[in-house]
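J.: If you're matching positions, the sequence shown starts at 587 in our numbering and goes up one per residue.
Beta carbons: idealized from backbone N, C-alpha and C, even for Gly.
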Amino acid sequence: MSQQGYVATPPYSQAKPGLGGYSTGFGSQPHYAHYGGTGQPYSAAQAGLLKPVPSPHVPSVSAGHPTPAPSPFGQTHLQNGIYNPGNQMPSYAAPPPCSGQTAPLQSHGSNSLSNYQNTAPPLFTQQVTSQLGAMQISDHGSSQVHPQSSPLSGPPLRPTFQGSQPQQLLHPISSPTSQGLPSAVPAATVPPGMPPPSPVGMHVGLAGPNQGSVGYQQVPGQPPMTGYLPQQGGMYGGQQRGLQPNYPAAYPGAPATGAQLAGPQQKKLDPDSIPSPIQVIEEDKLRRSGQLFVTNTKGQVPPLVTTSCVVQDQGNASPRFIRCTTYCFPSTADMAKQSQIPLAAVIKPFAILPPNEAPLCVVSHGESGPIRCNRCKAYMCPLMQFIEGGRRYQCGFCNCVNEVPPFYFQHLDHIGRRLDHYDKPELSLGSYEFMATLDYCKNSKPPNPPAFIFMIDVSYYNIKIGCVKLICEELKTLLDKLPREDQAETSAIRVGFVTYNKVLHFYNLKSSLAQPQMMVVSDVGEMFVPLLDGFLVNVHESRPVINNLLDQIPEMFADTSESETVFAPVIQAGLEAVKAAECSGKLFIFHSSLPTAEAPGKLKNRDDKKLVNTDKEKILFQPQSHFYETLAKDCVANSCCVDVFLFPNQYVDVTTMGIVPMSTGGSLYKYNNFQIQTDAEHFLNNLRKDVQKPIGFDAIMRVRTNTGFRATDFLGSMYMNNTTDVEVAAIDCDKAITVEFKHDDKLNEENGALIQCALLYTNVAGHRRLRIHNLTLNCSSQHADLYKSCETDALINFFAKSAYRAILNQPLKTVREILVNQTAHILACYRKNCASPSSAGQLILPEAMKLLPVYMNNLLKSYVLLGSPDLPTDERAFQRLLVTSMDVVGTQSFYYPRLLPIHKMDVNSEEFPAAVRCSEERLADGGIFLLENGINMFLWLGLNSQPELIQGIFNVPSFAHINTDLISLPELDNPYSRKIRSIIANIRNQNPYSMKLIILKQKDKSEGIFRQFLVEDKGLHGGASYVDFLCYVHKEIRQLLT
């Protein structure tokens, strides 16, 4: 693999402090590592060139700035110029896929690369500034770039505006040498029509130390500036209307105004020349797709989550179960502090293994239970070293020497390995299960099989929208598909039913009854279950009575006028039922509105947009009272998991209502303004997945490590009663918990970093099990080893979850600053420690982290961190809850959606069409694009879409006849229809959430919803484009290194 130094000679990176969508305080005195802690200043002293910087908590903002105005969907021409004829960017073909060959440098006079020893991590050289026009920069004289004949063929670039010289090209600047190895530019990174790389170290055409955006004027009809201005109210990259006093240049994407019409054209960055997520994903697929990933090597970096491969467990847990932010930990705390790379693992204990991989083995160590270390209590695993002929073993975690129980004794072979090594899963595999003994059960009694309780809101609104009838009809068939043990014919899970509005109705479903019996509890202040025998029943035995009830419920409440509901007493009722039955349980609550009826847990409408962008905004993400937190604690203590399906038509305080699902390991689903014609299938698909998914109950998870570091922080849908044990009422196959590690001593490079995750749980048959996942990582005292072993997708999972938790206690502005500063610090540390001295104008990114800026920018633009009054509070709270339980696959697709050009699909291939970058520039009038991010799915139709495709997919004669209200594509017997429906079905099957398909046409009013997912562009509600953010990060890196 070629070395990667992501190189730029940006004209943009030298702006003076305060000249760029952030204020001068933004990022100048960084807070690093964790939220709310003491900032860790970078080791290099800052030069005196910068202005004095205030605390980042209170960034300085020049007086007289207008308040940022909201950016409604309709004003999309301000952000993206593709539909505005007066503001069109020149478009160029994207670079071809990487062939793995690098462009030869010989013809430019450089030496052969093979003579240099490779001691640094792989670097990948890309040229950032490829479109530099001839211009004059005020206060710095002029800088002209002389054209040079290009040996590569390609379309000439169009002049960008009349009256200036035609736009000319610089040779790409080659990478500085990295630890003695000059980097080469792979052929794939040179856009068509660009010259090949110039000789190593060549530096071209910068005018002065501070040329950046200083003195530039916005030219009408031209691409907007790549600079930032301070934003009032701490809005990250938010737009401001009108002229900015005291600043000669406009903010990015500003409409041209009279005062800005004069002046030379500014330099524009070519998006094709900056790191592309699509290219990285495709290159990884090319190298590793379909291959066998064998886990027998310490610290092995797995394929990306987007690459399909077969995992063979040979001593380390599959990456499906555990992914790390880096697979090589720094050996000392000082080195970790210097790099600022979070050391974390994203653990998904119940991940589903594909059919072509071996299922987990179940091991029994008899009545005495699993063998464990006497000191640290780690479970028997491949990391234990047997000694003294097999009579003792040394724990790999704490080095304690333990006696081997007589029943477990086995002789050792000539290399000190037990003769039965390969016969015992716990000695040869990374993941396996132990059968737990009564010592691992509550009250030393075997657990009862779990219960599912369906609790249906029968208030006026839920009846009116048809929700109640829909649920009852679906449950008739869904109850036959409850989770069951692999070999079992029927499920051991018992079921119960409750309906409610202001009061609760319980149903006796005993199999001996001809009709179900209803019992009403109207005293919701002191909740109790009016019957024990007959409430939780076996589906198979009570089938006729259950069906009878499900037929009667919609009729019983058809004429109700009761519009008020309770919520907390419903959870309390389910909790009491589970406690009385002495079993674990899961509540499925179908709820419609804010619980305003007089009862415990009553909520009021507190949605206040005035709090947005103030220090009090965090209140919107905190529960209204501690009542629900106490309730959640009780639910976890009694193994009662809660899933909530919300059908709101107005504010329902998702923050507060989501506390119990989030703490118990449950899920929250939300269907705004539910309509049975358009949303029924979406809801039912989610319900089916939710009821049938593999799940474990009454779970406790502990993460053990070897000496030198320890687990210090846990992020996810869970509850913690102490500092070490993660408790959840239930954990399913989609939930992931992110664990952060910190050093408490020096790590031994020879031994590496060892992690063991042990999860004690009850399975659906009522059996207690211990699921063990082991992982060994490398350790190094070299930064280069650390950086080349990083995984950006896991890093973003950690950053998102930690930031989304931090907003509960800190202003959004502070949290955003921490994220940007840490990004700059991580990349500056790489530049300082892993790359040889080179021009400060060059941006160098580590190969494994070159996508960190694009993902980080998309995280900063997410609803949760944006701070725009245009965004509904419930939507922001909902997104926060979703991400908190996501695994690495989920956050990867959520922060960089997949955009598929359907018009390029090969109907004779099983493969998807190759994805394109998430930017409006990639859309084409003649194209059809499918966009998905794991939660949302859109089919975008260009105005000039091919009639053949339109007819094949929609069965209509022309574009004008397409009905965009369709919720699914018609099932037609032609290759186009079969292929696109297969793609959509495939995407839905791979995701935990069913995605509703939204069809929209180019230039329709509703197109704004789609555009906000084009994450490389400027955000519709504020937030920088990828290009602008990269420029800003580069400026921050340079300040750190100065």
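Within 10 Å of its beta-carbon, does H1547 have 16 or more other beta-carbons around it, so buried, or fewer, so exposed?
T.: Within the sequence shown, residue 1547 is the residue found at index 961, counting from 1. H1547 is exposed by the Cβ-count criterion.
J.: For the stretch 881-896 and the stretch 1364-1379, state whether three or more C-beta atom pairs, one from each stretch, are separated by less than 8 Å.
T.: With the cut-off at 8 Å, the stretch 881-896 and the stretch 1364-1379 touch.
J.: Note down, in chain order, each residue of its chain lying with its Cβ closer than 6 Å to the Cβ of S1225, except the 5 sequence neighbours on either side.
T.: Within the sequence shown, numbered from 1, the residue matching residue 1225 stands at position 639. The answer, listed in chain order, is S1170, F1283, D1284 and A1315.
J.: Could you tell me the boundaries of the alpha helix (DSSP H) in which T1291 lies?
T.: Taking the first residue of the sequence shown as position 1, residue 1291 is located at position 705. Unbroken run through T1291 is the beta strand (DSSP E), I1281 to T1291; no alpha helix (DSSP H).
J.: State the Cα-Cα distance for the pair V1084 and I1042, rounded to the nearest angstrom.
T.: As a working mapping, residue 1084 is identified with position 498 in the sequence shown. As a working mapping, residue 1042 is identified with position 456 in the sequence shown. Cα to Cα, V1084 sits roughly 6 Å from I1042.
J.: Does the stretch 1109-1118 come into contact with the stretch 1155-1165, if we say contact requires no fewer than three beta-carbon pairs (one atom in each stretch) closer than 8 Å?
T.: Counting Cβ pairs under 8 Å, three or more are found: they touch.
J.: Name the residue from K1028, Q1210, D1265 and C959 whose alpha carbon lies nearest to the alpha carbon of I1057.
T.: Counting from 1 along the sequence shown, the entry for residue 1057 is found at position 471. Residue D1265 is the option with its Cα nearest to I1057.
J.: Helix, strand or coil for H1359, going by three-state DSSP, please let me know.
T.: One-based indexing of the sequence shown puts residue 1359 at position 773. Reduced to three states, the DSSP call for H1359 is strand.
J.: So, are the CB atoms of D1025 and G952 less than 8 Å apart?
T.: In the sequence shown, counting from the first residue as 1, residue 1025 sits at position 439. In the sequence shown, counting from the first residue as 1, residue 952 sits at position 366. For D1025 and G952, no; Cβs fall outside 8 Å.
J.: Is it a yes or a no for the stretch 1162-1182 touching the stretch 1207-1218, going by three-plus beta-carbon pairs under 8 Å?
T.: Touching, no, given that fewer than three Cβ pairs across the two stretches are closer than 8 Å.
J.: Distance, Cα to Cα, S614 vs Q1428?
T.: As a first step, residue 614 must be located in the sequence shown, where it is residue number 28. As a first step, residue 1428 must be located in the sequence shown, where it is residue number 842. Since pLDDT at S614 reaches only 36, below the 50 mark, its modelled position is unreliable, and the value read off the structure follows with that caveat. If I take the Cα positions, the gap works out to 20 Å.
J.: Here's a check: name, in chain order, each residue in its chain whose Cβ is nearer than 7 Å to the Cβ of E1162, leaving out the five neighbours to either side.
T.: Your numbering for residue 1162 matches position 576 in the sequence shown. Result list for E1162: M1113, F1114 and V1115, in chain order.
J.: Taking the C-alpha atoms as reference points, what is the distance between G971 and G1244?
T.: Within the sequence shown, the letter at position 385 stands for residue 971. Within the sequence shown, the letter at position 658 stands for residue 1244. Residue identity check: residue 971 is Gln in the sequence provided, not Gly. So the two alpha carbons sit approximately 46 Å from each other.
J.: Do you know offhand how far V1222's Cα is from E1622's?
T.: Your numbering for residue 1222 matches position 636 in the sequence shown. Your numbering for residue 1622 matches position 1036 in the sequence shown. Answer to the nearest angstrom: the Cα atoms are 44 Å apart.
J.: Kindly provide the ranges of any beta strand (DSSP E) runs that are 3 or more residues long and lie completely inside the stretch 1065-1139, ordered along the chain.
T.: DSSP runs (the beta strand (DSSP E)) wholly in the stretch 1065-1139: 1080-1086, 1090-1094 and 1103-1107.
J.: Does D1043 have its Cβ less than 8 Å from a Cβ in chain C?
T.: Among the chains of the structure shown, chain C does not appear; only one protein chain is present.
J.: Take K1055 and list the residues in its own chain whose beta-carbon comes closer than 7 Å to its own, dropping the five residues that flank it on each side.
T.: Against the sequence shown, residue 1055 aligns to sequence position 469. For K1055, where only same-chain residues beyond five positions count, the Cβ hits under 7 Å are P1140.
J.: In its own chain, which residues sit with a C-beta less than 6 Å from the C-beta of S1611, not counting the 5 before and 5 after it?
T.: Position 1025 of the sequence shown holds residue 1611. For S1611, where only same-chain residues beyond five positions count, the Cβ hits under 6 Å are D1603 and K1604.
J.: According to the Cβ coordinates, are T1291 and D1331 closer than 8 Å?
T.: In the sequence shown, the residue the question calls residue 1291 occupies position 705. In the sequence shown, the residue the question calls residue 1331 occupies position 745. No, these two residues do not count as a Cβ contact at 8 Å.
J.: Touch check for the stretch 1475-1487 and the stretch 1380-1387: three-plus C-beta pairs under 8 Å?
T.: Yes, since at least three Cβ pairs between the stretch 1475-1487 and the stretch 1380-1387 fall closer than 8 Å, the two stretches touch.
J.: Might you give, ordered along the chain, the residues of its own chain that have their beta carbon closer than 6 Å to the beta carbon of L1270, omitting 5 neighbours on each side?
T.: Within the sequence shown, residue 1270 is the residue found at index 684, counting from 1. The residues are E1060.
J.: Please classify T911 as buried or exposed, where buried requires at least 16 other C-beta atoms within 10 Å of its C-beta.
T.: To locate residue 911, count along the sequence shown from 1; it is residue 325. With 16 or more Cβ atoms within 10 Å of its Cβ, T911 is classed as buried.
J.: With a threshold of 16 other CB atoms inside 10 Å of the CB of E1012, please say whether the residue is buried or exposed.
T.: Position 426 of the sequence shown, counted from the first residue, corresponds to residue 1012. Label assigned to E1012: buried.
J.: How would you label Y1008, buried or exposed, when you count the other beta carbons within 10 angstroms and need 16 or more for buried?
T.: Locating residue 1008 in the sequence shown gives position 422, counting from the first residue. Exposed: under 16 other Cβ atoms inside 10 Å.
J.: Three-state secondary structure (DSSP) at H1353?
T.: Taking the sequence shown and counting its residues from 1, one reaches residue 1353 at position 767. Coil at H1353, not helix or strand.
J.: Suppose the cutoff is 7 Å on Cβ atoms and the five residues either side in sequence are ignored; what does the same chain contact list for N1444 look like?
T.: Numbered from its first residue, the sequence shown carries residue 1444 at position 858. Within the same chain, N1444 has close Cβ partners Y1481, Y1482 and V1601.
J.: Check P1499 in the structure and name its three-state DSSP category.
T.: The residue labelled residue 1499 in the question sits at position 913 within the sequence shown. Of the three classes helix, strand and coil, the one that applies to P1499 here is coil, per DSSP.
J.: Cα separation between F1143 and Q898?
T.: Taking the sequence shown and counting its residues from 1, one reaches residue 1143 at position 557. Taking the sequence shown and counting its residues from 1, one reaches residue 898 at position 312. Going from the Cα of F1143 to the Cα of Q898 covers about 55 Å.
J.: Which runs of the alpha helix (DSSP H) spanning at least 4 residues fall entirely within the stretch 1437-1494, listed in chain order?
T.: Entirely contained in the stretch 1437-1494, the alpha helix (DSSP H) runs reaching 4 residues are, in chain order, 1438-1446, 1449-1452, 1459-1470 and 1474-1481.
J.: With distance defined between alpha-carbon atoms, name the residue in V1312, V1450 and P1499 nearest to V1198.
T.: Numbered from its first residue, the sequence shown carries residue 1198 at position 612. Ranking V1312, V1450 and P1499 by Cα distance to V1198 puts V1450 first.
J.: Work out the CA separation of R961 and R1296 for me, nearest whole Å.
T.: In the sequence shown, counting from the first residue as 1, residue 1296 sits at position 710. In the sequence shown, counting from the first residue as 1, residue 961 sits at position 375. About 16 Å.
J.: Give the single residue among L1527, R1462, I1553 and K1589 whose Cα lies nearest to the Cα of K1195.
T.: Counting from 1 along the sequence shown, the entry for residue 1195 is found at position 609. For K1195, the nearest C-alpha among the options comes from R1462.
J.: Going by other Cβ atoms of all chains shown within 10 Å of its Cβ, with 16 needed for buried, is L1106 buried or exposed?
T.: Along the sequence shown, one-based indexing puts residue 1106 at 520. Checking the displayed sequence, the identity of residue 1106 turns out to be Val instead of Leu. Exposed, because fewer than 16 other Cβ atoms sit within 10 Å of the Cβ of V1106.
J.: Locate the alpha helix (DSSP H) running through Q1631, then write down its first and last residues.
T.: Residue coverage of the chain in this structure runs from 587 to 1628, which leaves residue 1631 outside it and unanswerable.
J.: Cutting at 6 Å between CB atoms, please list the residues of its own chain near A1322, excluding the five before and the five after it.
T.: Taking the sequence shown and counting its residues from 1, the one referred to as residue 1322 is at position 736. Result list for A1322: V932, K934 and D1473, in chain order.
J.: What is the C-beta distance between P1523 and I1595, in whole angstroms, given that I count them as a contact (C-beta under 8 Å)?
T.: Stepping through the sequence shown from its first residue, residue 1523 is reached at position 937. Stepping through the sequence shown from its first residue, residue 1595 is reached at position 1009. Going by the sequence as given, residue 1523 is Met instead of Pro. Between I1595 and M1523 the Cβ distance is about 12 Å, and since that is not below 8 Å, they are no contact.
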